[in-house]
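Asks: Okay, here's the structure, questions in a sec.
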């Protein structure tokens, strides 16, 4: 089992503000890092799958960076909107299995 | 639209019952997974399967078994349900992919309550 830490556990953001949060994971035997968004009453959906050190991916107002040498990834939300309210899960993989963190729950206040 | 479908959204079962949770995917994926999610914890892998009739234990397999007779269907079985198995259960599937870096597709979850 990989030790995956996400912080903070939860955060509240004012609509229009930007925010970011962290995923830490063991840097040894790294293969890929997944980010998922899980909205209430829906299924988790993949945001990014990242493999290369220094990788940076973007999807609309959401972006992520990856540092495999030190074992962390940041997820950024620019100009938060109410529809960004969700739990964001990160999951490194080193074989078939994904090891999920406990998630960061983001609440965007209008 | 790709789909992973779990047979029930909500289930209430009695302690000691044998419980079947069914999952079907229509993407012809080789890999299928069962996770449980509890407050404050991440998704924890119970079992996964990378081919028909193949299965491997995940991180918390005790008290569970699985069946994969057809490629599209992966069943999770609680042999004798206990109250500590009250949880949200999620099924997922993925293709093997190059380097195992393909995204997983999830079902909508089954919230199981054991009383």
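Protein chains in written order, with my numbering: chain B, 1 to 110; chain Z, 111 to 225.
Think of the CB as a built atom: it goes at the ideal place given N, C-alpha and C, for glycine as much as any other residue.
Determine whether the beta carbon atoms of residue 189 of chain Z and residue 204 of chain Z lie at a separation below 9 Å.
Replies: No, these two residues do not count as a Cβ contact at 9 Å.
Asks: Terminal residues of the continuous beta strand (DSSP E) containing residue 5 of chain B?
Replies: 5-7 is the extent of the beta strand (DSSP E) around residue 5 of chain B.
Asks: So, at 8 Å on beta carbons, what are the nonlocal neighbours of residue 216 of chain Z in its own chain, with the 5 sequence-adjacent residues on each side left out?
Replies: Answer for residue 216 of chain Z: 114, 200, 201, 202, listed in chain order.
Asks: Could you name each continuous beta strand (DSSP E) segment of 3 residues or more that falls completely within the region 15-70 of chain B, going from the start of the chain to the end?
Replies: Listed in chain order, they are 19-24, 32-38, 45-50, 56-59, 62-67.
Asks: Counting only C-beta atoms, is residue 64 of chain B closer than 9 Å to chain Z at any point?
Replies: Taking Cβ atoms only, chain Z never reaches closer than 9 Å to residue 64 of chain B, which makes this a no.
Asks: List, in chain order, every chain Z residue whose beta-carbon is nearer than 7 Å to that of residue 106 of chain B.
Replies: Correct list: empty, because the minimum Cβ distance to chain Z is about 16 Å.
Asks: Judging by CA-CA distance, which residue of B/86, B/66, B/82 is the nearest neighbour of residue 110 of chain B?
Replies: Comparing Cα-Cα distances from residue 110 of chain B to each of B/86, B/66, B/82, the minimum goes to B/82.
Asks: What span of residues does the beta strand (DSSP E) with residue 132 of chain Z cover, start to end?
Replies: That run of the beta strand (DSSP E) goes 129-135.
Asks: Using the Cα positions of residue 63 of chain B and residue 213 of chain Z, report the straight-line distance between them to the nearest angstrom.
Replies: Going from the Cα of residue 63 of chain B to the Cα of residue 213 of chain Z covers about 17 Å.
Asks: Span of the beta strand (DSSP E) holding residue 186 of chain Z?
Replies: Run containing residue 186 of chain Z: 183-188, per the beta strand (DSSP E) assignment.
Asks: Which residue comes first and which comes last in the beta strand (DSSP E) that contains residue 267 of chain Z?
Replies: Here chain Z comprises residues numbered 111 to 225, so residue 267 of chain Z is not present and cannot be evaluated.
Asks: Can you give me the C-alpha to C-alpha distance between residue 19 of chain B and residue 77 of chain B, rounded to a whole angstrom?
Replies: Going by the C-alpha atoms only, they are around 5 Å apart.
Asks: Note down the Cα distance separating residue 117 of chain Z from residue 221 of chain Z, rounded to an integer number of angstroms.
Replies: Cα to Cα, residue 117 of chain Z sits roughly 11 Å from residue 221 of chain Z.
Asks: Where do the ends of the beta strand (DSSP E) carrying residue 156 of chain Z lie?
Replies: Its beta strand (DSSP E) spans residues 153-161.
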